[in-house]
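K.L.:
Right, I'll just put the structure down here and ask away after.
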Amino acid sequence: MDAKALKERFNPEGSLLRRQQERMTEMLLVFDNICRRHDISYWLCSGTLLGCIRHGGYIPWDDDLDVEMMRSDYERLMHILPRELPEKYRLQNHDTDPGYFFCFAKLRDTHSLLEETNRYDRMFKYRGIFIDIFPYEHITPPLHWLSCRTFGRVYKAMNNPTLTDEQAMKRVNRIYDVNHHLIFPILRLLSKLWPSKLLRYSPGIPYPNATYHDEIFPLKQAKFEGHDMPIPYDTDSYLKRKFGNYMQLPDLDNIHPHSDHLEIYD
């Protein structure tokens, strides 16, 4: 199916999905400007990177946007974004939204309402269109696996039908505190004692993304929705590891969106 046919089927101009993609692009440009101003390196990743290479922008049916960066830059960014974001955007992490329990941050648009299919966002303060911001660091696979096992208790609490939302949130916050103040620091210390060349998502992020420093850096530029955006140096290796034959379209009759309900204001 050619590009025009894909667009007509999934995200024609003026459709709700296309408006969501355009809003995410606006957010990305603000994010990019702040990162450039403070010399913070980041790159497009996952399905966003796939869309950049295969479609020159979003995968036509994609309804989220993902970026990655090294944890040292991520920690700096967590202090910078709240000071420099326009009023209509918010940084979402556990510090800015006590109901938010993920170990990666989101940039949220406050002029929209998005409800995710998994309902984990039911107690979040900010629930608009978002960009996911994932930190990478050197951590061995067994220790990353262990961190995800400890974080998995959060999902059990959120999915426990015997708990009210308030009870689930109290339990989740206890798990979060133990992980971030005790378990994750210990795992980071152990990773320094037994260093790995492999870069993985920071402890508690339950996705199997893995790469190498030389695969990411030096960053290069590619057109995404008509804008020059940073991407990994060895994009082919990155995408092959994650998607296999990434230039081949999936089963177009088996596409699953991330969001269950979306409203876009002004």
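In this text, residue positions in the sequence shown follow my numbering: the first is -8, and each later residue adds one.
The beta-carbon is built from N, C-alpha and C at its ideal position, and this holds for glycine as well.
1. From what residue to what residue does the alpha helix (DSSP H) around residue 27 run?
2. Could you give the residue range of the beta strand (DSSP E) that holds residue 127?
3. When the cut-off is 8 Å and only beta carbons count, does residue 189 lie next to chain D?
4. Taking 8 Å as the cut-off, decide whether the C-beta atoms of residue 88 and residue 125 are in contact.
5. So, helix, strand or coil for residue 231, using DSSP?
6. Could you pull out every unbroken alpha helix (DSSP H) segment of at least 4 residues lying fully inside the region 140 to 187, listed in chain order?
7. Assign residue 46 to one of three DSSP states: helix, strand, or coil.
8. Please tell me whether residue 43 and residue 35 are closer than 8 Å, where the distance is taken between their beta carbons.
9. Going by DSSP, what residues sit across from residue 221 in a beta bridge?
10. Of all the options 46, -2, 10, 94, which has the alpha carbon lying nearest to the alpha carbon of residue 198?
11. Out of -1, 15, 61, which has the shortest C-alpha to C-alpha gap to residue 208?
12. Would the beta-carbon of residue 189 fall within 8 Å of that of residue 201?
13. Look up residue 60 in the DSSP assignment and give the residues it is bridged to.
14. So, at 7 Å on beta carbons, what are the nonlocal neighbours of residue 160 in its own chain, with the 5 sequence-adjacent residues on each side left out?
15. To which residues does DSSP link residue 97 through a beta bridge?
16. Give me the Cα-Cα distance between residue 130 and residue -5, rounded to the nearest whole angstrom.
17. Which residues in the same chain as residue 53 place their Cβ atom closer than 8 Å to its Cβ, once the five residues preceding and following it in sequence are excluded?
18. Give me the Cβ distance between residue 14 and residue 100, rounded to the nearest whole Å; I'm assuming they're in contact under 8 Å.
19. Under DSSP, the beta strand (DSSP E) around residue 207 begins and ends at which residues?
20. Can you grab the Cα-Cα spacing for the pair residue 231 / residue 63, in whole Å?
21. Can you name, in chain order, every residue of its own chain whose Cβ lies under 6 Å from the Cβ of residue 106, other than the five neighbours on each side?
22. Indicate whether residue 33 and residue 59 have their beta-carbon atoms separated by less than 8 Å.
23. At which residues does the alpha helix (DSSP H) containing residue 107 begin and terminate?
24. Quick one, which of 248, 169, 149 has its alpha-carbon nearest residue 194's?
25. So, with DSSP's three-state summary, where would you put residue 75?
26. How long is the line joining the alpha carbons of residue 257 and residue 103, rounded to whole angstroms?
P.N.:
Based on what the coordinates show:
1. 7 to 28
2. 121 to 129
3. No chain D is present in this structure, which holds just one protein chain.
4. no
5. helix
6. 156 to 169, 175 to 184
7. helix
8. yes
9. 212
10. 94
11. 61
12. yes
13. 126
14. 90, 114
15. 83, 123
16. 43 Å
17. 12, 38, 39, 42
18. 6 Å
19. Premise fails: residue 207 lies in the alpha helix (DSSP H), 204 to 207, not in any beta strand (DSSP E).
20. 27 Å
21. 251, 252
22. yes
23. Careful: residue 107 lies outside any alpha helix (DSSP H), inside the beta strand (DSSP E) at 103 to 107.
24. 169
25. helix
26. 9 Å
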